[in-house]
Amino acid sequence: MSIRSRSVLAAGTLIAVAAALTGCSSAGSPAGVTTVTVMYGSEEFAPEYVEEFESENPDIKITMLEFDQTRLNAMLTAGDPPDLVRGLPSANLFARGLAAPLDSYLASSTVILESDLEPANDLWRWDGNTRGSGTLYGLVKDYSPDLTIWQNTAIFDAAGVAPFSTSEPSSWDEVLETAEALKATGIENPLGIQWQWGVSGLLQTMIEQQGGQLYDSSLTKAQLNTPEGIRAIQWLIDYGKTGAGPTSLNPPATGDDTASFVTEKLAATMTGFWFGGNLAPGEDTTVGNTAQLVPAPTFGTRMSPILGGVGAWIPEASKNKDAAWRVMEYFMAGKPAVDRASSGWGLPGLTSLWELMPSAEPYQVQAKAVALDEGEYLVTLQDSPYINSNSWGSFLDKALQEAIKGNIDAEQVAKSVEEEMNKLLAQGKDQLG
Amino acid sequence: MTQLAERPSSRHPDAAIPLRSRRRDARPRSDRTAAWVYISIILSIAVFGVPFLYVLLVALSTPAQLSDGAFALFNLSNLQWSNFYLAFTRIDFIGFARTTLLLSLIFSVLTTASSSLAGFAFARLRAPGQRLLFNIVVATMMIPAIAMLIPTYVIFARLGLVGTYWPWVLWGLAGTPYLIFLFRQFFSTIPLELEEAAIIDGAGWFRIYLLIFLPLARPALLTSFLLSFTWTWGDYLAPALLLNADNTTLSVATAAGYLNPQGTGIVELQAAGAVMFLLPVVVLFLFTQKYFIGSAVGSGVKG
Amino acid sequence: MTSSEMTSAAAAGVTTRGRGWRRYPARTFYTFVSPWILGFLLLTLVPIGFALVVSFTNYDGASSFWRFVGFRNYVELFTSSPSVWQSLLRTLAYTIIVVPLSVAGGLFLAVLVNRRLRARGVVRAIFFIPSVIPIVATAIMWRLIFNRDAGLLNGVLSVFGVRETIWLADPYAFYALIVVTLWGLGGGMVISLAALQDVPTELEEAARLDGAGTWQVMRAVVIPMISPVLYFQMITGIIASLQVVVQPLLLAQTRTVASSQEVPTSSTLYMVEVYNEFFFESRFGFGSAMLWVFFIAILAITLILQWLSRRFVFYQVDSDQK
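As they're listed, the protein sequences go chains A, B and C. Sequential numbering of the first sequence, starting at 6, is according to this note's numbering. Sequential numbering of the second sequence, starting at 45, is according to this note's numbering. Sequential numbering of the third sequence, starting at 12, is according to this note's numbering.
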C-alpha cells in the first residue's frame, strides 16, 4: 500500500471516528431546548413517561440515567450532578447543602399545591435541627406505613393461631409469640420483616415507641446502650434466633418475601402497604382473598413511621433547576403519579390522588382503610445530619449476626454499634462544623 | 550440539508464533504417568468447562426449576430458548452491543497505534532520558488503574466529557504501558541491518517505522489489538462511571439489567444475557488463538 | 545502531528525501512518545497529584464543607482504623493464596498441555478462555454456581448430605472469591507454556541421562530456566491481586449492582474498602490517603521483589542486551 493511500485511510478513519463520536456524545442541545438529566430507575420513570413529557414540553429534553449511588457521588464530586435525582430524605444530605430548597417552586406551582401535600412529604423537610419541619427539599413519589404487616388469614386459621387484630396494634412481644406459635405448627418461616433491607429503621422506631431517642439532643451522640435500645436489640436477636423469618443470615431465596407470601408459604410479612401491589389476582394467585393489612405493632406509644419516603430532589449544583422542577411536577402530579396511585403500589403523596387508589378487591379496600387510620399516627423519626444511616446500618447488621449466632449479647451489640455510630457522628460533626 | 545452532534465533520476525517443530516430544515415561496425565487433564477440563455448561443450563431453565434446585436444571425436557429472546429484547441488546463494539474498536486501534509507536521509539531510538522514561512506563504498569478511576473521572467531568466516548479516545491515544512494553521487546529483536539500509537510503524514522517495522510486527499488532479489544469489551467500572443508561456498554447493561419490579435480578435472563455477551469473545478467540497465545512469547519476558 | 554510525551517515552528506528526522533521533523519539507522555501527565500524574492533595483534607466529595487537616487522615489510617487494616490483611491473605497457586497452577497446566495430545488446541482453549471472557460474565456464572438454592455446588454437595450453604456470604465469600480468581489461571498457563517451549531439550535429556527423575528435572533444569517468566507472572500477579475490586462487587450482587457496602466482610478487600470510604462514607480525604498508602506499599513490594529476583532468578542472557 503506498504511503498516500495509507494516509488517506488513516485520515478517513479519524474523520469517521470523530463523526461517530460527535454523533454519540450527549453534549449540547439545539438552542432553546434545555436538557434535564434525570437519575431515576427506568422501571419507575419509564421511557413512555419520558416521551410523553417531552411531547408535552417541547422545550425540555430528558436524558435518563439509571440510579447508581456510586455514579451519583462521582457526579456530585465533579460538580456536574443530574438535575433530578431519586433518593431518600436524609438530614445529612440537606445539611451539606446538596439539595436545593423547593419552597419557592412549590409556592408558585399550579400543579402541586401545598395544601394538597400529604404529611408524608414532611420527611423531606429540615430546619437545621429537626426533620419534619422547615425548608422543603424534595417530594415523596408515594409512601407506605412501613411497619404495617400483611397477614394471610388462611394460614393462621389452618394453624389454629389467632391472626393479628386489624384495628388495634399488637405489641412486638405478641408478634414474636405468634410467630413462634406458627413455627411450632410446622411453618418454617412464618413472619418476614424484610431484614435484608436493613433493620436500623425498625430499631429506631422501637426505641422511640418506648419514649427514647436514638440520638441525643445535640444529634452528635448515639444512645443505644439504654434500656430502650437493648430491649429493641434483644427483640431482633430473638427474632433471628427463633428462626421466625428470613434474616441476613438466612435470606429468602428470591431476595425478598414476595414470592413466599404470594405462594402462601409465608404467613405474614412486615413490608408495609405498598406490598399489596403484589397481591393482584392472577392465574395462580389467590392469596388476595385472605390477605389483610394490620396496624404497625408497638412497644408503647402507637407510632407508624415511614421508614423510606422515596422521592426526588433537585441538586443545588444543578444548572437547570427550573426545568427540573417541571419534570418533578410531571412525575409527582402527572400521569406517572396517577398510574402509581391506581396501581396500588403505594399511598400517593398528594391527597387528591387518594381517590384513584384501587378498590376492586376487598383486600385493597381493607388496606386503604388501615392505611388511612395509620396516617394519624405518622411520625417522622429523628435524624442526625452528622451521619448517614447506610453507614451504620450494615454495622448493625453484622453485629446482630454475631449475636444471633450466640457469640455476643444484646448489650455488647448496643455498645459496639453505639461506639461505631459515635465515631461516624464525630467525623460528621467535624466536617459540618 | 547442532540443535543449539539450528535453534531459531529469537530475532526471527515470526518468533511470536510458537514453532511446532520445536515442541519437545514428551513421551510419557511410563503408563502410570500417562494415566495420571490424562486424569489430570480430564479433571481440569471439567473444572474449567463446567461453569460454561452450567450457565447455559440456567439460561434454558424456568423459574420453577430454579427454585427446585440444581438437579432440576438437568431436566432437559423443557428448554426455554425463549429466555434468550427475552434477554435480547428486555434491554436494547443490539444497541449496547454496537456501543461496546465501537468503544472496543476505538480503544484497541488507537492504543495499538500509539503503543507500537512508543514501543518502537524505546526500542530503536536513542535519546537522553530514555531510560528514565522507560522505567516510568514499567512503573506505571504497577499503578492500580482502578484507583485512578475516581480522580480521572473528576477531570473528565470538568472537561465535559462524561457521557461521551472521548475518554476512550484519550485513553487509546495515550497508549497502554503493558503494550508499550510488549512492542518494545518485540521491536528489539529485529535485526539492525533492516533499518540501517533504510537510513542510508535517506528514509525518515517515521517511514522506517511505517514501512519496515510495522509490517514485520503483524503478529504483535494483532495481539495488541485483540488484547485491548477484549479488555474493553469486558470492562465494567469505566463505563459504569462514565456512560449513561442509554449509551453504556453491554458489560454494565448485563450486570444491571434484567431486574424484576422489586429490583431483584431475574436469574435465567441474566444467565442468557451473560452467554450472549461472552460468545463473541469466545468466537474471536477461537479464530485468533495463536495471537493471544503469541502475546506470551512476544512479551519477551526473558529479559 | 550507535549514534556514531548515524552521525557519520549524516556527515557523509547523504541527501534525504524524507524529512531530516534521521538526524535528530532524540527529537523523533520525543515526538513518537509524546502521546504517551501527554497521557501519562494528564491521565496518570494529575489524578495522582489530585489524590495526594485531597488526602490532606476532609473533603466529602460534594459539599463545600471541607478544609485542610494536615496528616490527620494518615494518622487515623495507621492508628484507629481497624476496618482498613482488616481489609489490608484480607487482601494480603488473598494475594498470598492466589498468586502462588495461579503461577504453579498455570505451570502445571502448561506441563500437562505440552505434549503431543490429540485435540491439544481444544484443551488449551478450554483452559485459556476463562481468562479472557468479560468479568461480568464470569461473575454471573459463578454467582449461579454458588447460589444457595439453584447452585451447582450445593446441588452436588447435597448428594453427600451437606446442608445448603450460602457460599457468597461470610465466612465463605472469601473462598468463593479465590475460586473465581483461580478459574482464570489459564492466562498464566499460556505464558508458562511459551517459556517451556524455549527450554532447550538437550539440557533436559542430559539431565535424564544422568539419572534424574521427572521431578528432579523440573526442579533443577526447567524451573530455573523459566524462572524469569515465573518471576514476571508473580510480580504482575501480586500487583493485580492487591487491587481487586470488581469481582467482590459483582459477586455480592443481590439486587441491583452491589454497592461496596453490600460486599460481605470476608471479601472486603482493600480497594473495596477504598470505594466504601469514597462513595459511602463520603470521605474523599481519607480514601485518598488510603490510595496513597497503597501506592507506596506497591512500590515497596516491587522493589523487594526486584531485589529477591537478583538472588533467585536465573537470566539466560544479560537483560541489557542492547
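Think of the CB as a built atom: it goes at the ideal place given N, C-alpha and C, for glycine as much as any other residue.
Note to self: Please list, in chain order, the chain B residues whose beta carbon lies closer than 8 angstroms to that of alanine 136(C).
What the structure shows: The answer, in chain order, is Phe329, Leu330, Gln333.
Item checked: Candidates Glu239(B), Ala297(B), Trp275(B), Leu330(B): closest to valine 318(B) by CA position -> The sequence as given places alanine at residue 318(B); valine does not occur at that position. The shortest C-alpha separation from alanine 318(B) is found at Ala297(B).
Margin query: Less than 9 angstroms between the beta carbons of leucine 104(B) and glutamate 239(B), yes or no?
Written below: The answer is no: Cβ separation not under 9 angstroms.
Checklist line | Simplified DSSP state of arginine 130(A), which is helix, strand or coil | finding: Here arginine 130(A) sits in strand by DSSP.
Notebook entry, point to check: What does isoleucine 137(C) pair with, by DSSP beta-bridge criteria?
Noted result: Looking at the DSSP assignment, isoleucine 137(C) forms no beta bridge with any residue, so it has no partner.
Notebook entry, point to check: Using a beta-carbon distance below 9 angstroms, is alanine 150(C) in contact with chain A?
Noted result: no
Notebook entry, point to check: Excluding five sequence neighbours on each side, which residues of the same chain lie with their C-beta closer than 6 angstroms to the C-beta of glutamine 218(A)?
Noted result: The answer, listed in chain order, is Gln387.
Notebook entry, point to check: If you compare alpha carbons, which of Ala419(A), Gln432(A), Lys428(A), Asp402(A) is closest to aspartate 11(C)?
Noted result: Nothing can be reported for residue 11(C), as the shown portion of chain C is limited to 12 through 333.
Margin query: Rounded to the nearest angstrom, what separates methionine 308(A) and proline 353(A) at their Cα positions?
Written below: Distance between the alpha carbons of methionine 308(A) and proline 353(A) is about 20 angstroms.
Notebook entry, point to check: Can you round the beta-carbon distance between isoleucine 151(C) and valine 91(B) to whole angstroms, since I take them to be within the 8 angstroms contact cut?
Noted result: The Cβ separation is near 18 angstroms, so there is no contact.
Check: So with Cβ pairs under 9 angstroms, would you call glutamate 71(A) a contact of chain B?
Finding: Residue contact check for glutamate 71(A) against chain B: a CB pair falls below 9 angstroms.
Next item on the list: Reducing DSSP to helix, strand and coil, say where threonine 220(B) ends up.
Entry: coil
Check: Expressed to the nearest angstrom, what Euclidean distance is found between the alpha-carbon atoms of asparagine 134(B) and asparagine 283(A)?
Finding: The sequence given here has arginine at residue 134(B), not asparagine. Those two C-alpha atoms are separated by around 21 angstroms.
Check: Between which two residues does the alpha helix (DSSP H) carrying glutamate 185(A) extend?
Finding: 177-189
Notebook entry, point to check: What first and last residue would you give for the alpha helix (DSSP H) that runs through glutamine 209(A)?
Noted result: 205-214
Next item on the list: Assign phenylalanine 79(C) to one of three DSSP states: helix, strand, or coil.
Entry: strand
Notebook entry, point to check: What does tryptophan 155(A) pair with, by DSSP beta-bridge criteria?
Noted result: Thr274(A), Leu298(A)
Checklist line | Cβ shell of threonine 21(B) (< 7 angstroms), same chain only, five flanking positions each side left out | finding: Here chain B has residues from 45 to 347 only, and residue 21(B) is not among them.
Check: Going by alpha carbons, who is nearest to glutamate 213(C) out of Met236(C), Ile137(C), Arg101(C), Trp303(C)?
Finding: Met236(C)
Margin query: Any beta carbon of chain C sitting closer than 9 angstroms to that of serine 31(A)?
Written below: Only weak support is given to the placement of serine 31(A): the predicted model assigns it a pLDDT of 41, under 50, and the value that follows is read from those uncertain coordinates. Not an interface residue.
Notebook entry, point to check: With a CB to CB cut of under 8 angstroms and the five nearest residues on each side skipped, what residues in its chain are close to alanine 317(A)?
Noted result: Result list for alanine 317(A): Tyr45, Leu89, Val90, Arg91, Gly92, Gly143, Leu144, Lys146, Met333, Phe336, Met337, in chain order.
Note to self: Looking only at its chain, what residues have a beta carbon closer than 8 angstroms to the beta carbon of lysine 434(A), apart from the 5 residues adjacent to it on each side?
What the structure shows: Thr225, Tyr391
Notebook entry, point to check: In its own chain, which residues sit with a C-beta less than 8 angstroms from the C-beta of glutamate 173(A), not counting the 5 before and 5 after it?
Noted result: Pro300
Item checked: Per DSSP, cross-strand counterpart(s) of aspartate 147(A) -> Pro353(A)
Item checked: Pick from Asn119(B), Asn179(B), Phe230(B), Gly301(B) that is closest to leucine 265(B), judged by C-alpha positions -> Of the candidates Asn119(B), Asn179(B), Phe230(B), Gly301(B), Phe230(B) places its Cα closest to the Cα of leucine 265(B).
Next item on the list: Check whether the Cβ atoms of phenylalanine 82(C) and phenylalanine 61(C) lie closer than 9 angstroms to each other.
Entry: With respect to phenylalanine 61(C), phenylalanine 82(C) sits apart: the two C-beta atoms are not nearer than 9 angstroms.
Margin query: So if DSSP puts alanine 103(B) in a beta bridge, which residue, or which two residues, is it bridged to?
Written below: Answer is none; alanine 103(B) lacks a bridge partner.
Note to self: According to DSSP, simplified to helix, strand and coil, what is tryptophan 318(A)?
What the structure shows: Tryptophan 318(A) carries a strand assignment under DSSP once its states are collapsed to helix, strand and coil.
Item checked: Partner residues on chain C for aspartate 435(A), Cβ-Cβ distance less than 9 angstroms -> For aspartate 435(A), the C-beta contacts it makes with chain C under 9 angstroms involve Asn69, Val80, in order along the chain.
Note to self: Comparing C-alpha positions only, which one of Ala249(A), Leu122(A), Glu119(A), Asn157(A) sits nearest to aspartate 178(A)?
What the structure shows: Ala249(A)
Item checked: lysine 410(A), DSSP secondary structure in three states -> Note: lysine 410(A) maps to coil in three-state DSSP.
Next item on the list: Would you decide whether proline 52(A) is buried or exposed? Buried here means 16 or more other CB atoms lie within 10 Å of its CB.
Entry: exposed
Check: In terms of residue numbering, what span does the beta strand (DSSP E) encompassing arginine 91(A) cover?
Finding: 89-92
Check: Is there contact between the stretch 418-430 of chain A and the stretch 67-81 of chain C, where contact requires at least three CB pairs shorter than 8 angstroms?
Finding: no
Next item on the list: Output the distance between the C-alpha atoms of aspartate 69(B) and alanine 217(C), rounded to the nearest integer angstrom.
Entry: Interpretation of aspartate 69(B) is limited by its pLDDT of 46, a score under 50 that renders its predicted location unreliable; no figure is taken from the coordinates.
Notebook entry, point to check: Does the Cβ-Cβ distance between phenylalanine 171(C) and serine 278(C) come in under 9 angstroms?
Noted result: no
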